[in-house]
Amino acid sequence: MNKKIGVLGCGWLGFPLAISLIKDGYAVNGSTTSKEKIPTLKKKGISPFLISLGEQTILGAIDDFLKGLDVLIINVPPKLRKSNTESYIGKIQVLHKALKQVKPPKILFISSTSVYGEINGIVTEETHSKPTTESGKQLLATENLFLNDSELQTTIIRFGGLIGQNRHPIEQLSGKKGLTNGNSYVNLIHLEDCITIIKTILENRCWGEIFNGVYPYHPFKKEYYKKQALLRNLTPPSYAETTLLGGKRISSEKIINKLNYQFKCSIES
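619 is the number that my numbering gives the last residue of the sequence shown; the numbers go up by one with no jumps.
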């Protein structure tokens, strides 16, 4: 069993993940960039570290954080906006160098289906990645940094859109008009499935793999988000008429078959 886990990034996904790992008997180091969050982590039994990745250096006790880890879960998404020119891959390269200073743990990198870009049809882990967004490009570069390092054992999880715990795309889409992608498929996954997939990979010691993590149900966006709006008493978004169908449908067949994984949480609730 992997006894000591590092969760780099105890945010929306990382914090409940760390709590769940502790309940399962793991020792967990957890990082945050917020000094105010340190007592909260400590209260939940997480060994807290104040760590901030930079393009030139890492602020905080990164060596102490990494020391003795069996697995490092990297859960730090790119914060790329038009006003933000920081290099995500630059920050991860600094982390990569820090890993060389310790006995390297196994790496579980939380990525995104955005690495596939705007392609049509069924998308598997074998589909060629052609990201179109800056965040997708930097995530793919980060994946390759770890996968191409023969000294590291790395598994990548490419999650779809994240929902659960007061987070759902309909909150931003409600009331919008003239949206153009109504006949595209949804590719979503619930927080609880994200956590359970990560723990399943740990339990099965499944390294050197890439997995898609998306709930295996893909209605059209215009139908799905109308239903979700009505469930929440929100104004449904409206979509422009179009004859274009499709977009990508992310397949999770690999994780279902290889790890015998059964999804827990419907995206319809």
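We treat Cβ as the ideally placed atom computed from N, Cα and C, and that holds for glycine.
{"Asked": "Tell me which residue opens and which closes the alpha helix (DSSP H) that Val444 is part of.", "Found": "438-449"}
{"Asked": "By the 10 Å Cβ neighbour count, where 16 or more other Cβ atoms means buried, how is Glu493 classified, buried or exposed?", "Found": "buried"}
{"Asked": "To the nearest whole angstrom, what separates the beta carbons of Asp420 and Pro455, a pair I think is in contact under 8 Å?", "Found": "6 Å"}
{"Asked": "Does the segment 513-531 come within contact of the segment 585-601, defined as at least 3 CB pairs closer than 8 Å?", "Found": "yes"}
{"Asked": "Check for me: the alpha helix (DSSP H) holding Lys487 runs from which residue to which?", "Found": "484-497"}
{"Asked": "Could you check the C-alpha separation between Ser402 and Pro427 for me, to the nearest Å?", "Found": "13 Å"}
{"Asked": "Please classify Asn470: does DSSP put it in a helix, a strand, or coil?", "Found": "coil"}
{"Asked": "Along the chain, where does the alpha helix (DSSP H) that runs through Asn554 open and close?", "Found": "541-554"}
{"Asked": "Count the other CB atoms, across all protein chains shown, that sit within 10 Å of the CB of Ile472; report buried if there are 16 or more and exposed otherwise.", "Found": "exposed"}
{"Asked": "Answer with buried or exposed for Arg555, where buried requires no fewer than 16 other C-beta atoms within 10 angstroms of its C-beta.", "Found": "exposed"}
{"Asked": "Which parts of the segment 577-607 are runs of the beta strand (DSSP E), unbroken and 3 residues or longer, counting only runs that do not cross its ends?", "Found": "598-600"}
{"Asked": "How long is the line joining the alpha carbons of Ala368 and Gln503, rounded to whole angstroms?", "Found": "21 Å"}
{"Asked": "Do the segment 511-520 and the segment 480-488 make contact, defined as three or more Cβ pairs closer than 8 Å?", "Found": "no"}
{"Asked": "Give the straight-line distance between the Cα atoms of Thr585 and Ser462, rounded to the nearest whole angstrom.", "Found": "29 Å"}
{"Asked": "Should His540 go down as buried or exposed, given a rule of 16 or more other Cβ atoms within 10 Å for buried?", "Found": "buried"}
{"Asked": "Can you grab the Cα-Cα spacing for the pair Leu445 / Ile506, in whole Å?", "Found": "17 Å"}
{"Asked": "Check the DSSP bridge columns for Ala377 and list the partner residues they point to.", "Found": "Lys354"}
{"Asked": "Take Ser601 as the anchor and find which of Asp543, Thr477, Tyr438 has the nearest alpha-carbon.", "Found": "Thr477"}
{"Asked": "For Ser621, which beta-bridge partners are listed by DSSP?", "Found": "Missing from the structure shown is residue 621; the chain here goes from 351 to 619 and no further."}
{"Asked": "Give me the Cα-Cα distance between Cys544 and Ser534, rounded to the nearest whole angstrom.", "Found": "23 Å"}
{"Asked": "Closest to Glu468 by CA distance: which of Tyr565, Thr483, Glu475 is it?", "Found": "Thr483"}
{"Asked": "With DSSP as the reference, identify every bridge partner of Gly563, one or two as the case may be.", "Found": "Phe509"}
{"Asked": "Helix, strand or coil for Thr620? Go by DSSP, reduced to three states.", "Found": "This structure cannot speak to residue 620, because the chain is shown only from 351 to 619."}
{"Asked": "Look up Thr407 in the DSSP assignment and say whether it is helix, strand or coil.", "Found": "coil"}
{"Asked": "Nearest-angstrom Cα distance between Lys360 and Lys394?", "Found": "First, the amino acid is wrong: residue 360 is Cys here, not Lys. Between Cys360 and Lys394, the C-alpha separation is close to 12 Å."}
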